[in-house]
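Here's the structure, in structure tokens; my notes come after.
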Ligand code: X8Z
Ligand code: ZN
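In this note's numbering, the protein residues as written are 1067 to 1644.
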């Protein structure tokens, strides 16, 4: 009988949520200790705690199938669906294999975190941050290549672990009736896995022409700077010349590609350093943006428990992340903050996660998540789009707001960050989907990686990278088992959110000059979506905030339209593509 079945499922879900919440909190505590103090013991403890979460989740997901099926569209049906899709990693039921798998993932994350390389002339081995600084600032190709090569050694150290991880993770995913781990990752978007693949391809086709324009323009400038024997005028751009270890953001080559006589409209890094803003001060700026929207200040525990600075006395995972350790209000960020414009933005990104977590903390446990993971990644970025010159003036970080003649510079700088990222955001999981499905085996891991990097990004290594290398392993999210398509989605969604919020509060004028700073109306519109968490399919959450039901790149294209026109003019005699 329907009512009996409904009650049975409800009682079961209540109990499962209670148990999973307790285990998830223990696991978060253990992971926090591990990632802020890497030792063999903290690794073992965090791996064990994670294995317990997986085991309980799988047990509950399997049991839920045996209960009376809840009515389609009901709260219970959604929870059962989310239960099966809640984790990015499922281990086999065999406890020895589950232990092995969670140890491997924790170990790969630690190996990445501990990565170091000593370039010629450096007395000590440098960490990723120091190496990234060299890539951003040096314009000497041989030096850039040495640093790029040096960091990519870290990938080699995780190759064999990664191979075993793929096998074990797939075994786990299959026990939950997914085809493989990649199919499991694609099942989280309220559509079939294949519909999701088509959806990201559709979005990519919307933005691809703009990426091609930017690529052609930047390549032309790099040819001028480095010569055509270093940069092929019609070929892919060498991966070490774009100012970033993965060529995922090109903002650090702004000075190389800016039109003659146009330096950056302002230098936020210099202002922050000049005003002696420290890491906490940086976080305060970001918090102040959120409170200006009518959202509450962060709890005092946030300021006591977060890690803002890289400790000098121990190994940590520096890659920035946001946490809600008790799934209620134990919000924290973990970062090795540097006083730069880049980290200023990243802090807004991380607080976006924290404010989302806090907004949905009133939901039942299984709904305490983003509408989809692209939403989670887009919240703070949306706020950071409102970090306009006028906003910076309002908070005392800029003296004079540059006039409309600075627009091209502002848009070019933004494009080097946001448009350059798009193909990178797309390809990491294109690669992992093929790896998990078996289409790409260990004998082709690296070759397949570079095929995709060339196809989507138009970027290539400066010398062949055979299978003794494992270059995907030199990007955090691969050893850390963090899905990546979320960032591609976020780069589309953040412009949709930004446009909708700006319009809601009547900001006219160009989107790149619009800021929602200080608007309680924008905070309310955004906050209503955040509070929904994962309780409804994501199109409903999107509609709540934007009135739109589809992910759509027209807002991004509108934002960059003046730049797109300008790039087309610049590229009249420039080869496009590779
Ligand atoms: O990993 C991150 C965040 C943490 S959720 C810092 N991002 C991606 C990356 O660094 O590769 C943000 C943008 C893309
Ligand atoms: Zn994030």
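Cβ atoms here follow ideal geometry from the backbone N, Cα and C, with glycine treated the same way.
First and last residue of the uninterrupted alpha helix (DSSP H) at residue i
| i | result |
| --- | --- |
| residue 1143 | 1141-1151 |
| residue 1279 | 1259-1292 |
| residue 1407 | 1407-1425 |
| residue 1513 | 1511-1518 |
| residue 1541 | It is not in any alpha helix (DSSP H) - residue 1541 carries neither H nor E in the DSSP assignment. |
| residue 1204 | Neither: residue 1204 is in no alpha helix (DSSP H) and is coded neither H nor E. |
| residue 1130 | 1106-1132 |
| residue 1487 | 1473-1503 |
| residue 1605 | 1604-1612 |
Beta-carbon spacing of residue i, residue j below 7 Å
| i | j | result |
| --- | --- | --- |
| residue 1551 | residue 1618 | no |
| residue 1407 | residue 1464 | no |
| residue 1503 | residue 1248 | yes |
| residue 1605 | residue 1615 | yes |
| residue 1098 | residue 1540 | no |
| residue 1317 | residue 1483 | yes |
| residue 1536 | residue 1222 | yes |
| residue 1131 | residue 1313 | no |
| residue 1431 | residue 1079 | no |
| residue 1350 | residue 1372 | no |
| residue 1538 | residue 1178 | no |
| residue 1197 | residue 1204 | no |
| residue 1429 | residue 1599 | yes |
| residue 1381 | residue 1163 | no |
| residue 1422 | residue 1445 | yes |
Beta-bridge partners of residue i, as assigned by DSSP
| i | result |
| --- | --- |
| residue 1156 | Note: residue 1156 sits in no beta bridge, so no partner. |
| residue 1250 | Answer by DSSP bridge pairing: none, since residue 1250 is not bridged. |
| residue 1525 | 1303 |
| residue 1183 | 1192 |
| residue 1439 | According to DSSP, which records beta bridges pairwise, residue 1439 is partnered with nothing at all. |
| residue 1373 | 1400 |
Spatial distance of residue i from residue j (CA atoms)
| i | j | result |
| --- | --- | --- |
| residue 1630 | residue 1229 | 42 Å |
| residue 1262 | residue 1252 | 6 Å |
| residue 1625 | residue 1147 | 36 Å |
| residue 1201 | residue 1396 | 36 Å |
| residue 1468 | residue 1451 | 17 Å |
| residue 1019 | residue 1073 | This structure cannot settle anything about residue 1019, because the visible part of the chain is limited to 1067 through 1644. |
| residue 1030 | residue 1410 | An answer regarding residue 1030 cannot be provided, because it is not within the stretch 1067 to 1644 covered by the chain. |
| residue 1582 | residue 1315 | 25 Å |
| residue 1475 | residue 1638 | 20 Å |
| residue 1067 | residue 1441 | Unreliable placement is indicated for residue 1067, whose pLDDT of 41 sits below 50; the coordinate value is still reported in the next sentence. In a straight line, the C-alpha of residue 1067 is about 38 Å away from that of residue 1441. |
| residue 1424 | residue 1390 | 8 Å |
| residue 1039 | residue 1523 | Absent from the model: residue 1039. The displayed extent of the chain is 1067 to 1644, so no value can be given. |
| residue 1594 | residue 1417 | 17 Å |
| residue 1507 | residue 1499 | 11 Å |
| residue 1274 | residue 1560 | 17 Å |
| residue 1076 | residue 1153 | 21 Å |
| residue 1109 | residue 1168 | 10 Å |
| residue 1172 | residue 1277 | 35 Å |
| residue 1640 | residue 1501 | 36 Å |
| residue 1096 | residue 1104 | 11 Å |
| residue 1587 | residue 1511 | 49 Å |
| residue 1182 | residue 1569 | 47 Å |
| residue 1644 | residue 1394 | 49 Å |
| residue 1150 | residue 1127 | 5 Å |
| residue 1337 | residue 1226 | 45 Å |
| residue 1115 | residue 1414 | 30 Å |
| residue 1320 | residue 1642 | 20 Å |
| residue 1256 | residue 1555 | 14 Å |
| residue 1268 | residue 1509 | 31 Å |
| residue 1187 | residue 1553 | 36 Å |
| residue 1145 | residue 1489 | 33 Å |
| residue 1602 | residue 1439 | 13 Å |
| residue 1306 | residue 1542 | 17 Å |
| residue 1069 | residue 1081 | Unreliable positioning characterises residue 1069 in this predicted model, as indicated by a pLDDT of 49, which lies under 50. The coordinate reading is nonetheless provided below. Cα-Cα distance, rounded: 18 Å. |
| residue 1596 | residue 1357 | 15 Å |
Limits of the unbroken beta strand (DSSP E) element including residue i
| i | result |
| --- | --- |
| residue 1709 | Nothing about residue 1709 can be reported from this structure: the residues present for the chain run from 1067 to 1644 only. |
| residue 1619 | Run containing residue 1619: none; DSSP gives neither H nor E here. |
| residue 1388 | 1387-1390 |
8 Å contact criterion, which residue i and residue j should meet: CB distance rounded
| i | j | result |
| --- | --- | --- |
| residue 1589 | residue 1360 | 4 Å |
| residue 1089 | residue 1122 | 5 Å |
| residue 1124 | residue 1159 | 7 Å |
| residue 1621 | residue 1579 | About 15 Å; that fails the 8 Å criterion. |
| residue 1286 | residue 1157 | 49 Å between Cβ atoms; not a contact. |
| residue 1284 | residue 1299 | Between residue 1299 and residue 1284 the Cβ distance is about 12 Å, and since that is not below 8 Å, they are no contact. |
| residue 1101 | residue 1400 | 6 Å |
Any chain B beta carbon closer than 7 Å to residue i
| i | result |
| --- | --- |
| residue 1220 | No chain B appears in this structure, which consists of one protein chain only. |
heavy atom of the ligand NAP below 6 Å from residue i C-beta
| i | result |
| --- | --- |
| residue 1443 | Although the ligand NAP was asked about, the structure shown includes only the ligand X8Z and the ligand ZN as ligands. |
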